[in-house]
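If you're matching positions, the sequence shown starts at 1273 in this note's numbering and goes up one per residue.
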Amino acid sequence: MAALGLQAYKRAQAAHHGQLPTNYFLAISGGGDDGAFGAGLLAGWSARGDRPVFGLVTGISTGALSAPFAFLGEEYDVKLKQVYTNTSAGDIFNKRSLLAAVANDAMTDTTPLRNIIASFVDEAMIKRIAEEYAKGRLLLIMTTNLDQGRSVIWNIGAIAASEYPGKRDLIIDILRASAAIPGLFPPVMLDVSIDGKRYQEMHVDGGAVAQAFLYPPTLNLKTNSALYGIQRKRVAYILRNGRLFRPEENVKRQTLSIATQAISTMTATSGVNDTYRMYVTTKRDGVSFNLAYIDSDFTVPYKGPFDQGYMRALFEYGYNKGKAGYHWHKTPPGYQE
């Protein structure tokens, strides 16, 4: 990661003839259909006219699906809105029968989701991502390698700029894998070759490890900047596609209901923990911290996965916040300086 950052810095220097502007980071979290919030906020931010060009964009799960749009800027806002306001559950997955779900690798089939991803990850988008990568900008997507039980960070710009003939299909599969909720959505099998031997890796939702990320805490930007004489202001924005805490429910004393709410609680708590990890890392490295999330003033009831009415209302909520000038939170929830 340190080498990757240094290479990006040198490309940015060449693109800006040595005079580097502030480097803006954007981390987009998971959250399923709550991704409409982040999509709306980004579009509203564009409408306001002061949305920066992000030197680094990262995404996990639904954040991985919106990250390429965010990376390429406001020219892709219309498509970003379409994904999060014109999509329904049937456009994402097909339900399997109980017997098929037990015998297979997930409760649903996400071929429809792959078709959606393929519709916007076209040759024109890949070319644009490669162009921006050449300018020193980075687009990173996280998946979870379930065979090894660890996260994998994919450099999408490097793939887009490569001569690899299957790069479009690989990028599509990475985005689909990052959104593959284990058990609900099927994993994505990725072909790899190591020392001349071919293998298949099972990749699932990056949210199995983290809900959002900027860069690994083991990468010390402050130390590396001093080592290479880099003087550059950095500002980080974290879009949390969700609330701080899981909505209160009257949980039934049934196995499935208990398990569902327990997983939901763990996911929400993991998301809050991620904000603390990113906050501590940015404070150490002198990076300005900014956090956005769905607040209590959004009161539209949740009716089920990928309900268009809910997603459109949430997009508008985020859009209005962004256009008015979002009041970014400077610390994680409950933290006192």
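Cβ atoms here follow ideal geometry from the backbone N, Cα and C, with glycine treated the same way.
Exercise for the section: Confirm, please, whether the CB-CB distance from L1563 to P1519 is below 8 Å. Expected result: Sequence index remark: in the sequence shown, residue 1519 carries index 247 (1-based). Sequence index remark: in the sequence shown, residue 1563 carries index 291 (1-based). No, these two residues do not count as a Cβ contact at 8 Å.
Handout entry: C-alpha gap between Q1285 and Q1291, whole angstroms
Key = Within the sequence shown, residue 1285 is the residue found at index 13, counting from 1. Within the sequence shown, residue 1291 is the residue found at index 19, counting from 1. Q1285 and Q1291 have their alpha carbons spaced roughly 7 Å apart.
Exercise for the section: Alpha carbon to alpha carbon, how far is Y1565 from K1595? Give it in angstroms, no decimals. Expected result: Taking the first residue of the sequence shown as position 1, residue 1595 is located at position 323. Taking the first residue of the sequence shown as position 1, residue 1565 is located at position 293. Rounded to whole angstroms, the gap between the alpha carbons of K1595 and Y1565 is 15 Å.
Practice task
Would you mind sorting N1358 into buried or exposed? The rule is 16 or more other CB atoms within 10 Å of its CB.
Solution key: In the sequence shown, residue 1358 corresponds to position 86, counting from 1. Counting Cβ neighbours within 10 Å, N1358 comes out exposed, since fewer than 16 surround it.
Practice task
Ignore the nearest five residues each way along the sequence and tell me which others in F1570's own chain have a CB closer than 7 Å to its CB.
Solution key: Walking along the sequence shown from the start, residue 1570 turns up at place 298. Contacts found: L1586, Y1589.
Problem - Buried or exposed (CB count within 10 angstroms, at least 16 for buried), Q1279 - result: Position 7 of the sequence shown, counted from the start, is the residue given in the question as residue 1279. Here Q1279 is exposed: its Cβ has fewer than 16 other Cβ atoms, across all protein chains shown, within 10 Å.
Practice task
Whole angstroms is fine: what's the gap from A1402's alpha carbon to L1462's?
Solution key: The residue given as residue 1402 occupies position 130 in the sequence shown. The residue given as residue 1462 occupies position 190 in the sequence shown. Looking at the two C-alpha atoms, the distance is approximately 22 Å.
Handout entry: N1366 classed as buried or exposed, judged by whether at least 16 other C-beta atoms fall within 10 angstroms
Key = Here residue 1366 corresponds to residue number 94 of the sequence shown, with the count starting at 1. Taking a 10 Å sphere around the C-beta of N1366, we find fewer than 16 other C-beta atoms and assign the residue as exposed.
Handout entry: Inter-residue spacing [alpha-carbon to alpha-carbon] between I1398 and I1453
Key = Residue mapping note: residue 1398 aligns to position 126 of the sequence shown, counting from 1. Residue mapping note: residue 1453 aligns to position 181 of the sequence shown, counting from 1. Spanning the two alpha carbons is a distance of roughly 25 Å.
Problem - Residues of its chain near Q1472, where Cβ-Cβ distance is below 8 Å and the 5 sequence neighbours each way are ignored - result: In the sequence shown, the residue the question calls residue 1472 occupies position 200. Correct list, in chain order: M1461, L1462, D1463, V1464.
Practice task
Taking all protein chains shown into account, decide if R1409 is buried (16 or more other Cβ within 10 angstroms of its Cβ) or exposed.
Solution key: If you number the sequence shown from 1, residue 1409 lands on position 137. Classification for R1409: buried.
Practice task
Mind checking who T1537 pairs with in its DSSP beta bridge?
Solution key: Reading the sequence shown from its first residue, position 265 is the one you call residue 1537. Paired residue(s): none; T1537 is not in a bridge.
Practice task
To the nearest angstrom, report how far apart D1363 and D1305 are at their CA atoms.
Solution key: In the sequence shown, counting from the first residue as 1, residue 1363 sits at position 91. In the sequence shown, counting from the first residue as 1, residue 1305 sits at position 33. One alpha carbon belongs to D1363, the other to D1305, and they sit about 12 Å apart.
Exercise for the section: Pair every Cβ in the segment 1489-1507 with every Cβ in the segment 1443-1457, then say whether three or more of these pairs are closer than 8 Å. Expected result: Touching, no, given that fewer than three Cβ pairs across the two stretches are closer than 8 Å.
Exercise for the section: Could you check what DSSP says for K1524 in three-state terms: helix, strand or coil? Expected result: The residue labelled residue 1524 in the question sits at position 252 within the sequence shown. Taken through DSSP and simplified to helix, strand or coil, K1524 comes out as coil.
Exercise for the section: Return the first residue and the last residue of the beta strand (DSSP E) that A1508 is part of. Expected result: Here residue 1508 corresponds to residue number 236 of the sequence shown, with the count starting at 1. Per DSSP, A1508 belongs to the beta strand (DSSP E) from 1506-1511.
Practice task
Evaluate the contact criterion for the segment 1418-1429 versus the segment 1466-1482: three or more CB pairs, one atom per stretch, below 8 Å.
Solution key: By the criterion of at least three beta-carbon pairs nearer than 8 Å, the segment 1418-1429 is in contact with the segment 1466-1482.
Handout entry: Anticipated Cβ contact below 8 Å, G1345 with A1339, distance rounded
Key = The sequence position of residue 1345 within the sequence shown is 73, counting from 1. The sequence position of residue 1339 within the sequence shown is 67, counting from 1. The C-beta separation of G1345 from A1339 comes to about 12 Å, leaving the pair out of contact by the 8 Å criterion.
Practice task
Pair every Cβ in the segment 1410-1418 with every Cβ in the segment 1320-1330, then say whether three or more of these pairs are closer than 8 Å.
Solution key: When C-beta atoms of the segment 1410-1418 are compared with those of the segment 1320-1330, three or more pairs fall below 8 Å, so the two segments count as touching.
Practice task
To the nearest angstrom, report how far apart A1361 and A1308 are at their CA atoms.
Solution key: Start at 1 with the first residue of the sequence shown, and residue 1361 comes out as number 89. Start at 1 with the first residue of the sequence shown, and residue 1308 comes out as number 36. Roughly 14 Å separates the two Cα atoms.
Problem - Bounding residues of the beta strand (DSSP E) (the contiguous stretch that carries M1414) - result: As a working note, residue 1414 is residue 142 in the sequence shown. Looking at the DSSP string, the run of the beta strand (DSSP E) that includes M1414 is 1410-1417.
Practice task
Find out if the Cβ-Cβ distance for the pair F1297, A1432 is shorter than 8 Å.
Solution key: On the sequence shown, position 25 is the one that residue 1297 refers to. On the sequence shown, position 160 is the one that residue 1432 refers to. No, they are not a contact pair.
Problem - Limits of the beta strand (DSSP E) - the one that V1559 falls within - result: The sequence position of residue 1559 within the sequence shown is 287, counting from 1. That residue, V1559, is in no beta strand (DSSP E); it is neither H nor E in DSSP.
Problem - Span of the alpha helix (DSSP H), counted from its first residue to its last, around R1470 - result: Your numbering for residue 1470 matches position 198 in the sequence shown. For R1470, no alpha helix (DSSP H) segment is defined; the enclosing uninterrupted segment is the beta strand (DSSP E) at 1469-1477.
Practice task
Below 7 Å CB to CB, which residues in the same chain sit around Y1574 once its five sequence neighbours on both sides are set aside?
Solution key: Along the sequence shown, read from residue 1 onward, the residue named residue 1574 stands at position 302. So the qualifying residues of the chain are Y1582.
Practice task
Just tell me which of T1532, R1549, G1514, G1468 has its CA closest to the CA of V1481.
Solution key: For the purposes of this step, residue 1481 is identified with residue 209 of the sequence shown, where counting begins at 1. Ranking T1532, R1549, G1514, G1468 by Cα distance to V1481 puts R1549 first.
Problem - Alpha carbon of G1479 to alpha carbon of L1313, nearest angstrom - result: As a first step, residue 1479 is located in the sequence shown; it is residue number 207 there, counting from the start. As a first step, residue 1313 is located in the sequence shown; it is residue number 41 there, counting from the start. So the two alpha carbons sit approximately 21 Å from each other.
Practice task
Return the bridge partner residues of L1447 from the DSSP annotation.
Solution key: Residue 1447 sits at position 175 when you count from the first residue of the sequence shown. Within the DSSP secondary-structure output, L1447 pairs in no beta bridge.
Problem - Assigned exposure category for W1317 - 16 Cβ within 10 Å defines buried - result: Here residue 1317 is taken as the residue at index 45 of the sequence shown, counted from 1. Within 10 angstroms of the beta-carbon of W1317 lie 16 or more other beta-carbons, which makes it buried.
Problem - The beta strand (DSSP E) enclosing A1268, as first and last residue numbers - result: This structure gives no information on residue 1268, because the portion of the chain shown stretches from 1273 to 1609.
Problem - Span separating the alpha-carbon of R1320 from that of G1597 - result: Counting from 1 along the sequence shown, the entry for residue 1320 is found at position 48. Counting from 1 along the sequence shown, the entry for residue 1597 is found at position 325. In a straight line, the C-alpha of R1320 is about 7 Å away from that of G1597.
Practice task
With DSSP collapsed to three states, give me the class of S1434.
Solution key: Reading the sequence shown from its first residue, position 162 is the one you call residue 1434. Correct three-state label for S1434: coil.
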